[in-house]
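Here is the structure we will look at, set down as structure tokens.
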Ligand code: HEC
């Protein structure tokens, strides 16, 4: 069912307001525990900084609307880095007059988190993987699937860093599990590639999940628009309360040398130890009957995915 832009914008507005309320409440709690380091969500940062003086979600003001920004760019590593840098350093020239002020006190991690959030505003849930029509030819066998296989796994896009400003992937394919370890884990992929894996993860049982991305180099995991692992916390765990349902997930990883490895693991409510997230829970496309539901749950993400840090 196509959701009209107006409907989507209304949802965004509601989400935005609800988030303000939720963020407001949690801040009160946080301030009582002075020792605990505060983790900022994208929305806390946007709210506490001066972004909203010049931007709104859907309408042009001094700067472009965040929705327009999301529609203009892909949400890949290099774009996120470039836009985060621009937010910190300020600048103009791309949106027809007007300069963005500098934000030198904004940490680059926080800037990237905000930019990722902005870019996720237009994620097309109905057709998340338009590039799958061009399957990869050069990936190691373990990374390839035939069309006879069911659609479990995640869509893989490989970007070459030499060409990092381009948003066109060099190769595409399908991964079953996010588990690249051992010698030659990445086959003939260039040592300077960036991988992006996207699709959906189905949570059967409601409860507390622990996620971690074991890796060398930079990577991130975004679950239902919430960044649960960012570039800097390698091998660190995030616990998150999840309702049963199907959520969009994006895993990114930047190869950096011959020892590059990556493994995405979790502890489910029934388990005690980390194990590699099994392929059965990943699907490339949103399940048909869930598509409509997802359109709304996607923008109401923060209500469903509550990160405990
Ligand atoms: C003083 C007004 C102002 C403030 C404050 C401001 N912006 Fe901007 N922003 C702009 C303008 C103007 C542009 C368009 C710049 C251009 O044309 O290249 C822009 C562009 C952007 C872009 C797109 C950049 C690109 O290259 O396409 C992003 C992302 C962005 N702003 C995020 C933010 C965030 C996040 C904050 C708060 C930390 C913020 N802005 C605060 C005025 C502002």
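Residue numbers (our numbering): 7 to 315.
Each residue gets a CB set at the ideal place from its N, CA and C atoms; glycine is no exception.
Contact under 8 Å by Cβ, residue i with residue j
| i | j | result |
| --- | --- | --- |
| residue 212 | residue 270 | no |
| residue 228 | residue 203 | no |
| residue 219 | residue 268 | yes |
| residue 102 | residue 161 | no |
Straight-line Cα distance separating residue j from residue i
| i | j | result |
| --- | --- | --- |
| residue 281 | residue 273 | 7 Å |
| residue 27 | residue 266 | Caution applies to residue 27, whose pLDDT of 44 falls short of 50 and renders its modelled position unreliable; the model cannot decide the point. |
| residue 195 | residue 221 | 17 Å |
| residue 317 | residue 93 | This structure leaves residue 317 out entirely; the chain is present only between 7 and 315. |
| residue 316 | residue 278 | For residue 316 there is no data in the structure shown, the boundaries of the chain being 7 and 315. |
| residue 119 | residue 188 | 31 Å |
| residue 163 | residue 244 | 25 Å |
| residue 100 | residue 230 | 29 Å |
| residue 166 | residue 177 | 9 Å |
| residue 237 | residue 224 | 5 Å |
| residue 72 | residue 127 | 8 Å |
| residue 232 | residue 201 | 19 Å |
| residue 257 | residue 85 | 15 Å |
| residue 63 | residue 159 | 33 Å |
| residue 289 | residue 246 | 20 Å |
| residue 58 | residue 65 | 11 Å |
| residue 217 | residue 226 | 11 Å |
| residue 115 | residue 89 | 12 Å |
| residue 75 | residue 49 | 16 Å |
| residue 79 | residue 264 | 31 Å |
| residue 179 | residue 191 | 15 Å |
| residue 97 | residue 104 | 8 Å |
| residue 291 | residue 193 | 26 Å |
| residue 182 | residue 207 | 12 Å |
| residue 251 | residue 60 | 36 Å |
| residue 186 | residue 77 | 32 Å |
Which of helix, strand or coil DSSP assigns to residue i
| i | result |
| --- | --- |
| residue 214 | strand |
| residue 135 | Note that residue 135 scores 31 on pLDDT, short of 50, meaning its location in the model is unreliable; the coordinates nonetheless yield the value given after this. Three-state result, residue 135: coil. |
| residue 269 | strand |
| residue 121 | helix |
| residue 45 | Because residue 45 carries a pLDDT of 49, less than 50, the predicted location of this residue cannot be relied on, and the following value inherits that uncertainty. Coil, per DSSP. |
| residue 111 | coil |
| residue 50 | helix |
| residue 94 | helix |
| residue 180 | strand |
| residue 245 | strand |
| residue 68 | coil |
| residue 146 | Any answer about residue 146 is weak, because its pLDDT of 42 lies below 50 and its placement is not dependable; what the coordinates show is given next. Note: residue 146 maps to coil in three-state DSSP. |
Reference residue i, options the options, closest by Cα
| i | options | result |
| --- | --- | --- |
| residue 95 | 73, 286, 106 | 106 |
| residue 209 | 193, 284, 188 | 284 |
| residue 87 | 125, 252, 229, 103 | 125 |
| residue 122 | 102, 279, 50, 83 | 83 |
| residue 174 | 61, 214, 81 | 81 |
| residue 287 | 262, 227, 47, 253 | 253 |
| residue 47 | 113, 205, 85, 262 | 113 |
| residue 275 | 259, 206, 215 | 215 |
| residue 255 | 62, 234, 199, 263 | 234 |
| residue 198 | 259, 182, 160, 161 | 259 |
| residue 54 | 111, 104, 79, 217 | 111 |
| residue 68 | 77, 76, 56, 78 | 56 |
| residue 341 | 117, 76, 161, 77 | Coverage of the chain is limited to positions 7 through 315, which leaves residue 341 absent and any answer about it impossible. |
Opposing strand residues paired with residue i [DSSP bridges]
| i | result |
| --- | --- |
| residue 202 | 163, 258 |
| residue 253 | 207 |
| residue 99 | Beta-bridge pairing links residue 99 to no other residue. |
| residue 232 | 229 |
| residue 185 | 269 |
| residue 288 | 207 |
| residue 86 | Looking at the DSSP assignment, residue 86 forms no beta bridge with any residue, so it has no partner. |
| residue 224 | 260 |
| residue 158 | 289 |
| residue 316 | The requested residue 316 is not part of the displayed model; the chain covers only 7 to 315. |
Cβ of residue i within 8 Å of any chain B Cβ
| i | result |
| --- | --- |
| residue 105 | As a matter of chain content, chain B is missing from the structure shown, which is built from one protein chain. |
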